Structures are given as C-alpha cells and as structure tokens.
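Numbered by the numbering used here, the letters in the sequence shown go through residues 14 to 139 in order. In this text, a Cβ means the ideal position worked out from N, Cα and C, and glycines have one as well. Nothing here was measured: the structure is a model prediction, and the numbers come from that model. Have a look at the structure below, then the notes.
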Amino acid sequence: MPRPPDDRAALGRRGERAAAWFLRLRGYRILGRNLRYPHGEIDIVAKRGGIVAFVEVRTRAAADPVPPEQTVTPPKQRHLRSAARQYLARNPDPALSYRFDIIGVLCPARGKAQITHFPDAFRMDD
C-alpha cells in the first residue's frame, strides 16, 4: 500500500537531512538546499575543494524493493540539468568543476539510515 503524502514528505525530509549530514562529515560545505527553479529543483548543492556537486537525494523505506538510486530517470536528470544551468547562471565561477551526484537513503522504521553516495552519477552533457 502506498504511503500517504504526509508520510512521503516526512521520509524525504529525513533523507535529505541525513544526506546533508553525510556530506558535511566528508568535508563538503553545503551551499544550498531545496533550490527551486522553473524547470527543476536541486536537493543539495555542496562544495568540496574545487568541485561543486548538484546532489539528488532519493529516499526510500527500507522495505522498498527498488533501490533509491535507480529512481533517477532520464526525465528527472533533464530537470536537474536545467536547474543546475540556472544555478550556474546566477552563481558563475569558472574556476570550479561541476558534477551530479545521487545519494540513496534507506530509512528503516527504526534505527539509522543507510546512505550510499554515487559521485559523478551523470553529466551535464549526457
């Protein structure tokens, strides 16, 4: 049975908080969260060294049979690319490199979330 919308939103927020914490622990600085643009949204923009990562966070209940990272479809990737172009137009820095990461978060009903990071999961020009 599908989760009610409020439960899905709460699960998504939990996953995004866990992903941001995960990135901070690995030396990333969070530049923005939940950035909305006309053609897409970026869950997290994070920087480490000379690289800015546009991060899509996919959160699932632990019992879900589809791994979260497999849910970033080509249409979703197009929306993320569009949002990233808009972010870059407003925040240009030619000295930096950019990439798209996916963070999969499995949230059991109790206990710690399981986080998997997929750096450079797809590219701007794919």
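| Query | Result |
| --- | --- |
| By the three-class DSSP mapping on this structure, what secondary structure does residue 20 have? | helix |
| Assign residue 105 to buried or exposed, taking buried as 16 or more other Cβ atoms, counted over all protein chains shown, within 10 Å of its Cβ. | exposed |
| Within its chain, find whatever has a CB closer than 6 Å to the CB of residue 216; leave out the 5 residues flanking it on each side and keep chain order. | Here the chain comprises residues numbered 14 to 139, so residue 216 is not present and cannot be evaluated. |
| Is the distance from the Cβ of residue 117 to the Cβ of residue 72 below 9 Å? | yes |
| Should residue 133 go down as buried or exposed, given a rule of 16 or more other Cβ atoms within 10 Å for buried? | exposed |
| With a threshold of 8 Å on Cβ separation, who are the neighbours of residue 42 within its own chain once the five nearest residues in sequence on each side are excluded? | 59, 60 and 61 |
| If you measure between the beta carbons of residue 54 and residue 131, is that distance less than 9 Å? | no |
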